[in-house]
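Encoded as structure tokens, the structure appears first; notes follow it.
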Amino acid sequence: MGLALLAALAATVCDARRELSMMKVMPRAVYTQTNDPAGNHVVAIMFNASSGMLAGSMTTRTPTGGMGAAGLGGNGQPVTADGLFSQGAVAVSGSWLFAVNGGSNTLSLFRISDTDPTSLMLVGTPADTLGDFPVSVTYSAKCKTACVLNGGKRDGVTCFGVSATGLKPLDASPRPVGLGQAANPPTGPPSTASQIAFNPKGDILAVTIKGNLTANRLGYIGLYRVSKTGMVSRTQTRAYSIFTSQPAGAGASMIGFLPFGFAWVDDRTLSISDPSVGGAVTLCISSRDPMIASIPVYKTDMAGGYAPAVFMLPEAAPCWAAYSDATGCAYIADAGAGVLAEIMPKSGGKLRSVFNVTSAFGITLGSTPANTYGLLDTAAAGELLFSLSPRSGSVVVVDVSSGSMMPRQLLAAGLPVSSMGLAVAC
Ligand SMILES: *[C@@H]1O[C@H](CO)[C@@H](O)[C@H](O)[C@H]1NC(C)=O
Ligand SMILES: *[C@@H]1O[C@H](CO)[C@@H](O)[C@H](O)[C@H]1NC(C)=O
Ligand SMILES: *[C@@H]1O[C@H](CO)[C@@H](O)[C@H](O)[C@H]1NC(C)=O
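Residue numbers for the sequence shown, in mature numbering (1 follows the signal peptide of the UniProt record, and there is no 0): -16 to -1, 1 to 410.
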């Protein structure tokens, strides 16, 4: 893509909301987890409001009481980065922090100290997820419910009530998601679980499940209704695998196999990253009743504007997604190329700008592999984006306040390559 075109795209706004106000949200700390198979730890890094930077010296590591895990790659060996094949291994809401323990099939709940956001207190004991290899967790503050996505042999969604005494299972068994994994740890990335997240309103719970190109099985978005009392339906409606035509330039057999990370844009719109599409997909859920049964069929015709649409990104492994209320843009993070793509979900999912970590921070790669600054989980808070770069052990901070993505900080945080998940407390 030419620079002139990129500049032209950057001049357009993501969403009218951005015109109204840039939300004044101040991050307090960012969290990731080491996902270490020998003992999982949550890493908390303080955000210094005076300097507007992460304070690397104010970092804590707190044991989760469980083990991390690494899935197996196509060669049968444990993968190094992205061992869970997922987005959302850590979640934060108010003073709750959740972390999955892929190696011990448990979910840990912490309370974040009001006075020191890097001080975490484990609440109760880690809860059995009733399945294998939990990879992603979400919490609805409205329903006081946390749900976890298991990505191993016993796969599926299990939900918990959350209170000061800890996690209380709301289910007797998970809601299966049909991965077809024969053993633990699972083999991937194909045929693995990607992410789970409630919409902001808390009336829909969504999961992304990767398909398998070799087995000619498409991936899908699974949607669960959530009742007013917070009960998550046992049955799932599948969307996304109903692709009927192919995006321009993509091979017909390469469409929609790997829906990976996603971000809720609003209560009925999702931005989904899918490396098999080579881009981002914006999916809208019909608000008609029955809402979930009437998801519009994906189409590649971009002329329709705001509709389920795909936009090709100049990326190698666009797998993680975040949405910024402040800009109205979604951000797709690439593990292969170390770039963030800013897309406009309300404008057909079009690309607005691209942020390249190595060029933005003036890094000379030399003989280091090009994917060293590859980005995984990404979270937006106010005018900033935080993105996990596990191969470089760092956290990348990007300023999105000025209508483009500007480098703020590249914090060498000494994170292990196995690190997964990133969440921000504000
Ligand atoms: C926070 O930032 C201020 C202003 O730059 C600086 O004086 C202070 O030392 C920083 N604190 C920490 C813990 O880094
Ligand atoms: C994908 O499907 C092929 C063919 O059925 C199978 O051999 C392979 O194990 C599957 N891959 C995964 C990761 O499940
Ligand atoms: C990012 O910038 C570097 C130069 O610092 C360049 O070598 C690389 O190709 C760029 N990556 C992408 C995906 O544009």
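Think of the CB as a built atom: it goes at the ideal place given N, C-alpha and C, for glycine as much as any other residue. Everything numeric in this text was worked out from a predicted model, so none of it was measured.
Rounded to a whole number of angstroms, what is the C-alpha to C-alpha distance between residue i and residue j?
i: Ser255; j: Ala314; result: 7 angstroms
i: Ala156; j: Leu114; result: 8 angstroms
i: Tyr204; j: Ala223; result: 6 angstroms
i: Met37; j: Gly366; result: 13 angstroms
i: Cys143; j: Thr352; result: 42 angstroms
i: Val146; j: Thr122; result: 12 angstroms
i: Ala130; j: Asn340; result: 34 angstroms
i: Arg209; j: Leu189; result: 6 angstroms
i: Ala125; j: Ser77; result: 7 angstroms
i: Leu335; j: Thr311; result: 14 angstroms
i: residue 416; j: Ser331; result: Given a span of -16 to 410 for the chain in the structure shown, any question on residue 416 remains unanswerable.
i: Ala167; j: Met389; result: 42 angstroms
i: Thr99; j: Leu151; result: 24 angstroms
i: Gly398; j: Leu104; result: 20 angstroms
i: Pro21; j: Pro110; result: 16 angstroms
i: Val9; j: Pro62; result: 39 angstroms
i: Ser211; j: Cys127; result: 9 angstroms
i: Gly162; j: Ser175; result: 9 angstroms
i: Pro280; j: Phe246; result: Because Pro280 sits at a pLDDT of 35, beneath the cut-off of 50, its placement in the model cannot be relied upon, and the following sentence gives the value as read from the coordinates. Computed Cα separation, rounded: 18 angstroms.
i: Arg375; j: Ser385; result: 27 angstroms
i: Pro400; j: Thr18; result: 6 angstroms
i: Val84; j: Ser34; result: 32 angstroms
i: Phe28; j: Gly377; result: Reading off the sequence shown, one finds Ala at residue 28, where the question assumed Phe. Those two C-alpha atoms are separated by around 14 angstroms.
i: Val382; j: Ala53; result: 29 angstroms
i: Ser343; j: Ala301; result: 18 angstroms
i: Leu197; j: Val249; result: 28 angstroms
i: Arg159; j: Phe82; result: 20 angstroms
At a threshold of 7 angstroms, does residue i count as lining ligand 5 (C-beta to nearest heavy atom)?
i: Ser70; result: With respect to small molecules bound, the structure shown includes ligand 1, ligand 2 and ligand 3 and not ligand 5.
Report the option in the options whose CA atom is closest to the CA atom of residue i.
i: Leu242; options: Ser260, Asp251 and Thr253; result: Ser260
i: Ala177; options: Asn355, Gly86, Ser343 and Thr44; result: Gly86
i: Arg45; options: Ile96, Thr171 and Thr129; result: Ile96
i: Gly67; options: Val408, Lys8 and Ser402; result: Ser402
i: Arg252; options: Leu324, Ala407, Gln165 and Pro329; result: Pro329
i: Phe244; options: Val381, Ala33, Gly398 and Cys303; result: Cys303
i: Met404; options: Gly58, Leu394 and Gly358; result: Gly358
i: Ile327; options: Ser257, Thr171, Ala28 and Thr356; result: Ser257
i: Asp187; options: Lys128, Arg336, Gly214 and Ile180; result: Gly214
i: Ala306; options: Ser376, Pro173, Thr348 and Ala181; result: Ala181
i: Ile193; options: Pro169, Pro184 and Gln165; result: Gln165
i: Ser79; options: Ala148, Leu133, Gly322 and Arg218; result: Ala148
i: Ser88; options: Ala28, Val323, Ala319 and Pro118; result: Pro118
i: Pro170; options: Asn183, Lys185 and Gly136; result: Gly136
i: residue 424; options: Thr356, Asp309 and Gly58; result: With the chain covering -16 to 410 only, the question about residue 424 has no answer from this structure.
i: Gln71; options: Pro160, Gly58, Val191 and Val27; result: Val191
i: Thr90; options: Thr64, Ile347 and Ser120; result: Ser120
Within the continuous alpha helix (DSSP H) that includes residue i, where are the two ends?
i: Thr90; result: Per DSSP, Thr90 belongs to no alpha helix (DSSP H); it is in the beta strand (DSSP E), Thr90 to Ile96.
i: Val341; result: Val341 to Ala344
Can you find the residues in the same chain that come closer than 6 angstroms, C-beta to C-beta, to residue i, ignoring five residues on each side of it along the sequence?
i: Arg201; result: Gly195
i: Arg138; result: Gly115 and Asp116
i: Pro101; result: Arg12, Ala13 and Ala409
i: Phe345; result: Pro391 and Leu394
i: Met30; result: Ala13, Ala39, Met42 and Thr102
i: Gly172; result: Gly55 and Phe69
i: Thr356; result: Arg375 and Ser376
Less than 8 angstroms between C-beta atoms, sequence neighbours within five positions excluded: which residues of the same chain meet that for residue i?
i: Leu406; result: Val14, Tyr15, Thr16, Val74, Leu360, Asp361, Thr362, Ala363, Phe370, Ser371, Leu372 and Val379
Residue range of the beta strand (DSSP E) that residue i falls in?
i: Ser41; result: Met37 to Pro47
i: Ser120; result: Pro118 to Ser124
i: Ala166; result: Unbroken run through Ala166: none, as it is neither H nor E.
i: Thr16; result: Ala13 to Gln17
i: Phe69; result: Careful: Phe69 lies outside any beta strand (DSSP E) and carries neither H nor E.
i: Gly206; result: Tyr204 to Arg209
i: Tyr315; result: Cys313 to Asp318
i: Ala365; result: Thr362 to Ala365
i: Cys303; result: Pro302 to Ser308
i: Ile327; result: Val323 to Met328
i: Met215; result: Looking at the DSSP string, Met215 is not in any beta strand (DSSP E), and its letter there is neither H nor E.
i: Asn200; result: It is not in any beta strand (DSSP E) - Asn200 carries neither H nor E in the DSSP assignment.
i: Arg222; result: Thr221 to Ala223
Residues in the same chain with beta-carbon distance under 7 angstroms from residue i, minus the five sequence neighbours each way, listed in chain order, please.
i: Gly23; result: Pro47 and Met51
i: Leu106; result: Gly49, Ser92 and Phe94
i: Ser217; result: Tyr208 and Arg209
When the cut-off is 8 angstroms and only beta carbons count, does residue i lie next to chain D?
i: Val141; result: Annotation note: the requested chain D is absent from the structure, which comprises a single protein chain.
**Residue ranges of each beta strand (DSSP E) within the region 372 to 404, 3 or longer** = Taken in chain order, the complete beta strand (DSSP E) segments of 3 or more residues contained in the region 372 to 404 are 378 to 383 and 390 to 396.
Notebook entry, point to check: Which runs of the beta strand (DSSP E) fall wholly inside the region 130 to 189 and span at least 3 residues, in chain order?
Noted result: Entirely contained in the region 130 to 189, the beta strand (DSSP E) runs reaching 3 residues are, in chain order, 140 to 147, 150 to 153 and 177 to 182.
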